[in-house]
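S.K.:
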Amino acid sequence: MATINPYLNFDGNAEAAFNFYKSVFGGEFITFQLLKNAPDGDKLSVEEQNRVMHVSLPISEGFVLMGSDIVPSMG
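This note's numbering applies: residue 141 is where the sequence shown begins, and numbers increase by one.
1. Quick one: grab the DSSP three-state call for D182.
2. Taking 6 Å as the limit between beta carbons, can you name the residues of its chain near I170, skipping five residues before and five after?
3. Report yes if the CB atom of M206 is closer than 7 Å to the CB atom of N145, and no otherwise.
4. Go through its chain and collect everything with a Cβ distance to T143's Cβ below 8 Å, but skip five positions before and after it.
5. Between R191, L174, M214, which lies nearest to N153 when the distance is taken from Cα to Cα?
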């Protein structure tokens, strides 16, 4: 079976968006990682540390919605 895995980028609101998607579609996050938990994450500003590095949410069979926040200091 084929799978579709769209990847969405946000400017600081990925967590809110994915919590909304979770409330609509149900399910549990497969992955939810913040930038502060990444290697060298402590070198980012506090605001950037609280951005989403990666999140994935299965919303139906064969369909996983994924996303992250952009990191302004990285261009």
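Note that beta-carbon positions come from the ideal geometry of N, C-alpha and C, so glycine has one too.
M.R.: This is what the structure holds:
1. Here DSSP, grouped into helix, strand and coil, assigns D182 to helix.
2. S196.
3. Yes; because the gap between Cβ atoms is below 7 Å, this pair is in contact.
4. Short of 8 Å from the beta carbon of T143, and not among the five residues preceding or following it, lie these beta carbons of its own chain, in chain order: G202, F203, V204.
5. Taking only the C-alpha atoms, the option nearest N153 is R191.
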